[in-house]
Structure formats: C-alpha cells, structure tokens
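Structure record follows, encoded as structure tokens.
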Amino acid sequence: MEVKRVIAICQSGGEFLTEKDGTLSYRGVDAHAIDIDDQMEFDEFKLEVTEMFGCNNNMVFKYFLPGNKKTLITVSNDKDLHRMIKFHGDFATIDVYIMEEVAPPDVSNMPASRSSRTTLSETVVPVDASLDVVDFVGDTTQHDIPLNASLDVIDDASPIDAHIDIPTEISPVFPLVGPNDEKHAKGAQQWQNAITGVGQRFSSVHEFRESLRKYAIAHQFAFRYKKNDSHRVTVKCKAEGCPWRIHASRLSTTQLICIKKMNPTHSCEGAVATTGHQATRSWVASIIKEKLKYMPNYKPKDIVNDIKQEFGIQLNYFQAWRGKEIAKEQLQGSYKEAYNQLPFFCDRIMETNPGSLATFTTKEDSSFHRLFVSFHASLYGFQQSCRPLLFLDSIPLKSKYQGTLLAATAADGDDEVFPVAFTVVDAETDDNWHWFLLQLKSAFSISCPVTFVADRQKGLKESIAEIFKDSYHGYCLRYLTEQLIRDLKGQFSHEVKRLMIEDFYGAAYAPRPENFQSCLESIKSISLEAYNWIVQTEPQKWANSFFQGARYNHMTSNFGELFYSWASDAHELPITQMVDVIRGKIMELIYTRREGSNEWLTRLTPSMEEKLEKEIQKIGNLQVLLSAGSRFEVHGDTTEVVDVDRWDCSCRGWQITGLPCCHAIAVIRCMGRSPYDYCSRYFTTESYRLTYSEPILPVPNVDITVMKASSQVLVTVTPPPTRRPPGRPTTKKYGSQDMAKRQLQCSRCKGLGHNKSTCKELL
C-alpha cells in the first residue's frame, strides 16, 4: 500500500481568535515544518516536535478538519495521528497547533513575592454603574467595603445573568498569613503610590475606586464610603476616630475625576484593626476564569485548595462553586440571553443547512417550553439508506435550568448509532413526547412502516400509535426489566432475581414460540407472580418470536448512548451553545465515517461481513434436500425449511437479523448463487456511504447586533421556571440494572428482610 506523506506545519506560542462568522483563526509566533507519513508513530512525532521547539513533553496537539475551522481535533495517540494524515490525504500540508497542557500551579516553587501573579485588585470585575449615595450618619456597617472585593453591581452590559441569586451578605474569609507578612507586603508594594494626593486625576470614577482599593490593600487599612456615586466619592478610614479621609469629584465639563481633598494621616493601627479580606464570588470568578478556559472540569474543592495556596485565603465550598458559575457565564455567555437567542438561532440553522428543521415553542408567559432540531444530513441519511428503525430515549440535563433531552437515533449499516433528531424540553412529560413525535413526523416522509424501540410509559405507547399509524412499537427490554424488579418488591434474593432476568432476556431473544415458552416456564418455577407479570406485558411487543416489526435483534432503546454522551458533556453550556456542540459532534461523525468507509473493499460493512462469515462457517455439516420450487429442506442438528423467494427460514434467524442464516446460505450455495444477493440492502457498503453522503454545515455564531435588528427580536424567550435543585445530580444509568443491593436473608429461618439478630422465630 502506498505510504501517505504530508507536510505538518507546526505552530506554537500564539492564540486562537474567533472571527465574526464563528470560525477560529490562529495568530502564531513560531512555526516549523516537518514531513510525516502514516507509518510514523505518535511518540516519534511528539519527540521530533519537542526537539524542534525546545519545549517539554507537556503539550497538546490540535488540528482542524478540512473545511471546518470551528472545531479543533486533538491528537493524542497513534490512531489519532494516522487519522489526521488520512483526512488530509488530498492536501500537501496540515496546520498543527502546539499548546501547553495546563497543570495546577506548583506553589512549592513559587517566589515569595506575589507581584508576578494575578493580584486581588487587578482581577476585579469592572463596574461602571453608579452607586447609591450613602449617608455617613447612622448605622454604616452595611456599607463596609472589603479590601479585595469587586463591587457586585451589574449594569446592562454585564455578561452576568441577572437571574443569579446573590445573597446580600457574604461570609468573611480570613487570610492565613499575618497582616505584616513579608509576602503580602512585597505583593502589594507596587500599589503603595496608587493614590498620590490632591490634584491626582483619573479617567473615570471606576478607575478611582480601583486605585483606592489597591492603595488600601498596600497600606493595610479598611475604609468606608461616605458618598459614592457617578460624579463624587468621599471615603473615610473605617477605624473609629481615625482622621484619614479622601474626597474626589468630577471636573466640570469633563468625565475626569480629580482628588480635591485628602488627609493622609492615620491615627489607627491600620492592619491590626483590620479583621481580614472578604473574597466575593466575583473576585473568585476573576481569579479562576483564565484557568477555567482550559480546565472546564475545574472542581470547586480544587479551587478552594488553589486559592488557599496561592493567596492564603480560605474559601468555603459554596463560594468556590458560585465563583465558578459566574466565571462560566462570563466565558460562555448568559444562560438567560441564550434562550432569547433561540428564534434567531433556529433561523440560522435552517438558513445554513437547507432542508433542516429547527423550531421551538414557549408557554403563555414566554418562558421556554421545547426546542426541536433535526439536520438535513441526518434526515437524508435516515430516509435513503438506514433501516426504518428508530430508538427513542431521554437523558436529564444538569444545566442551570435543568430540562431533558429527548432523542431519536437510528442504526447505520455497520450497526453504529446515527443521530436523526433531538428535542430539549423543560420536563419529560407525555405532552412533550407527543410534540417531539409530531415534529419528527413532519420532518421526514418514509413509505414503509417504521419500527420504534422505546419505553411503553410516558405516553409513548399511545403517541406512537396515533402519530405513526401502521408502525410497530417494540418495548424496551431494559425498562421492562427495571419495572419487573420494582414490582417484585424485594421478595427474592439477589441471586434469584438475577436468574429470573436471565430467563426474561432469553424469552425476549428466543426466535420461536416454543423457545419463548421454555424460558417462561423456568420463571414460573421460581415465581408465579413474576410469570403472570411477564404474560401481562404484551409479549407480542417485545419478544422476537411474536413481534411483527423489524427490530433487527435490537432490544433496548439506549442504542444511541454515544449521542447521549455528547449531550451529557455539553449539558452545562447555555442552550444554544449546547445544541451547537452537538451539531459539531454530528458534523465530525459524518465526515469521519464517510472518509473511513472510502477504504472499505467489501460488499457489506465490516460488522455485517463478520456476521455473514460466521454463518458461512456453520454450513459444513448441513444437508440440503433439493426441490423444484423455492422451498427447501435443510438437515443438521435440526431440520429447517427455507423459502428462498420469501427470504424465510423456519429457524427465523434470517427474518430477525436481515442476514441469511446458515440454513439459507446452504440452500443459496446449492442453487449456485451468492449469499450477498440475499442480504438486506441496508447492510451494503454502498448504502453506508449514502447514509453519510450529506454534510452538516457550520452555523455562524448568533450576532447580538444583527439579532436586535431582525424582526425576530419581537419574540421573547425567557428561561423555564425550573432551577437546578441543591445536592449532587443523579446520573442516568443504561443497561440492565440488576439489583445493586443484596436482599437481607436470615440464616436462622431463611426468611427475607431481616437477619438472625432480629429474627422473631423461637429458638
């Protein structure tokens, strides 16, 4: 095979900038070019780059897919490196971006001075809003201003969502170092002359306040505002009786603020009288914001430890968590504003990807209700070359406003997940599932009946039958199993329940009624109640031996687990960004699989080739009795009847899987024909490539100025009233859930639900 070669242009020392159309551009400082090929190993590539730039091994390699300047792809192993080269096979060069891997600061090697680090006053959030005038007379304790805290005043331009609940009181946190600590003195030394005296001018009242804060930190005293508004500020020392005070006001006809009066003398003990700093959440956000860009999973407990080690300030968990929430909103944008962008965002999706459907609804109070998205590439791929089989499932979103993601996924020709459509709703209800299915019905038209694999609860049983007439609904075996265990109410031991579940699955997969009945009899011998429960769950909706639709041996609805993991990874983003991350994932999936299939040389997809080959290997001992018609008798361990014209075998393997079973293959070969001619068309490489033939195109970022100029601004969407509850969110579990808890069993009486120490049986 010919070796693929390409020139990698490695760039380092720069930064990524977001253009107006949403694409990323890189402004690099240093660049080198090296030859790479698909025989090179990742460690070899990394070593060469390390030597070239003279850097350490803590670096990350990124690149863009051809035609996509919005999503960066990471190279971390041999497979990633070879895939990158393959994707750029038609290009002479690849742009590779070298970034340093962000690691927690090593405080043990930090210098004693804090001047080289981010300081408290340098990182406060800018506040340009006017403050209320505070009367100095009376109780002034509520107007004490912490030395290192930014003012929690939010104006219209603030990226912080005004819906955030901020307590009026903030718990003080005390520095672990002494007030005269040399480390602090050196760190604040640069601010000693932030205030010089009467006549000093500042460009704005905000600049004056920040300079005053730095000055107070450097000289270790606390102050209190006497007057504080947009054109004048009067401040006195917090210590009772101390004469230090300062007054500044605006110069007439200008925006400049000038110090008019100042008494620089302190009679107090300054730092000794100061109880310590207060770390507001805004200050915490400003400290961690840059690190959060590269460490989105930065945990509050790690924030607490890092702030303690770097600044000597002890935060509590809540302060760190709220600081992270504020920093995330500053980086990602407002959660509240994202809902208001939905009208324009849906239009952008349909403009950039014609044939797609993106729509939303609100409640009477204009609060968000639900959002439906299905891209043209997904609809086309499903209608043209996927089996008429859809899996319906949901995953809870752990975002600020909670919600649930409902999704419909399909199976491609290689039995891998293919996303078709998804909906974000305020809650998982019967009505929301009904609406989702209505939108799904309007999004595509398909002539043959569709088989759905889904739960029978949540109104799905009624909605599927009503909206998709003549369709088939196969109950999800996972949900049935979980309900069976719940309804048994702890009557049996863990081991007995496990055996019943095995027989339950055996009954579901059994190809013929006699096999099904055998498994049910086994359950009946254990529990008549469990047997009756299973019989009443409509076996014709979940058992292979009775099901009329074509579910291709797929028994559970969580087939789209890959898709749900994407949503789970992006669930904490604002709604428009979360949808766009999912779009990017689907876009990359389509491109990667389309390019990968170009190397296939087989008639069927790899997984189907493997399954067919296993059936071919079983025909050695089979004997075919020839017939003049299309029906043949095949003898082996059992005797089966094969009808070639109807693609039917009495073992039912052919009908269930879509691939000819060993009995059918034996007959087909006796007829001098190829088994490939009797495989479902959905399993061919040609159909697979057709599934991924249409691309998903990038969606530019929503421009707020353009959105306001649009007529869509008349539509207002506010966040749903639901808010994230306190405590750790529950996690969605997939797969058959055996009993996590072992049932207590008494060793004396063998009864369940108690042990021998509480046994009431007489000795």
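Sequential numbering from 4 applies to the sequence shown in my numbering.
Yeah, the Cβ is synthetic: ideal placement off N, Cα and C, and Gly gets one too.
- Excluding the 5 residues flanking it on each side, Ile526 has same chain C-beta neighbours closer than 8 Å at Met503, Asp506, Phe507, Ala510, Ala533, Tyr534 and Ile537, in chain order.
- Taking 8 Å as the cut-off, the beta carbon of Arg501 is found no closer than this to the beta carbon of Arg655.
- It is roughly 11 Å from the alpha-carbon of Lys464 to the alpha-carbon of Trp436.
- Per DSSP, Ala667 lies in no beta strand (DSSP E) segment; the continuous alpha helix (DSSP H) that holds it begins and ends at Cys665 to Cys673.
- Collapsing the DSSP output to three states places Cys451 in coil.
- The Cβ-Cβ distance between Leu607 and Phe686 falls below 8 Å.
- With a contact defined as Cβ atoms closer than 8 Å, Asp46 and Tyr66 miss out at about 18 Å.
- Annotated three-state conformation of Tyr404 is coil, per DSSP.
- Per the Cβ contact rule, the region 679-698 is not in contact with the region 324-339 (fewer than 3 Cβ pairs under 8 Å).
- Sorting Lys294, Trp286 and Ser450 by C-alpha distance to the C-alpha of Arg390 places Ser450 at the top.
- Judged by beta-carbon spacing, Cys682 lies beyond the 8 Å limit of Leu625, meaning their Cβ atoms are not closer than that value.
- Apart from sequence neighbours up to five positions away, the residues of its chain that approach Arg325 with a beta-carbon distance below 7 Å are Arg284, ordered along the chain.
- His91 and His557 have their alpha carbons spaced roughly 36 Å apart.
- Within the same chain, Cβ atoms closer than 6 Å to the Cβ of Tyr482 are found at Asp458, the five residues on either side in sequence being excluded.
- For Val456, DSSP records a beta bridge to Phe394 and Gly477.
- Of the residues Pro609, Ala36, Leu20 and Phe19, the one whose Cα lies closest to the Cα of Arg8 is Ala36.
- A direct Cα-Cα distance of roughly 15 Å separates Val420 from Leu409.
- The count of Cβ pairs closer than 8 Å, one atom from the region 691-700 and one from the region 580-593, reaches three, so the stretches are in contact.
- Around the Cβ of Thr199, a 10 Å sphere holds fewer than 16 other Cβ atoms; the residue is exposed.
- Closest option to Arg351, judged by alpha-carbon separation, among Val63, Val702 and Val201: Val702.
- The beta-carbon separation of Trp545 and Tyr475, rounded to 11 Å, does not stay under the 8 Å limit for a contact.
- Bridge pairing for Cys240: Phe226 [DSSP].
- The alpha-carbon of Gly639 is positioned some 16 Å away from that of Lys617.
- Take Thr559, set aside five residues on each side of it, and the residues of its chain with a beta-carbon closer than 6 Å to its own are Cys479, Leu480 and Arg481, in chain order.
- Remark: C-beta atoms of Phe205 and Ile291 do not approach each other more closely than 8 Å.
- Using a C-beta cut-off of 8 Å, the region 421-430 makes contact with the region 371-381, since at least three inter-stretch Cβ pairs fall below that distance.
- Membership of Tyr320 in the alpha helix (DSSP H) is indicated by the continuous run Tyr320 to Gln335.
- Leaving aside the five residues that flank Thr719 on each side, the residues in its chain whose CB is nearer than 6 Å to its CB run, in chain order, Ser369.
- Restricted to the region 346-385, the beta strand (DSSP E) segments that are unbroken, complete and at least 3 residues in length are 360-365 and 371-377, listed in chain order.
- Residue pairing of Glu636 in beta bridges, as defined by DSSP: Leu628 and Val644.
- Per DSSP, Ile198 lies in no alpha helix (DSSP H) segment and is marked neither H nor E.
- Under DSSP, the beta-bridge partners assigned to Pro422 are Thr412.
- With 16 or more other Cβ atoms inside 10 Å of its own Cβ, Lys73 counts as buried.
- Distance from the CA atom of Gly675 to the CA atom of Lys614, rounded to whole angstroms, is 21 Å.
- Relative to the Cα of Tyr555, the nearest Cα in the group Phe394, Lys492 and Thr432 belongs to Phe394.
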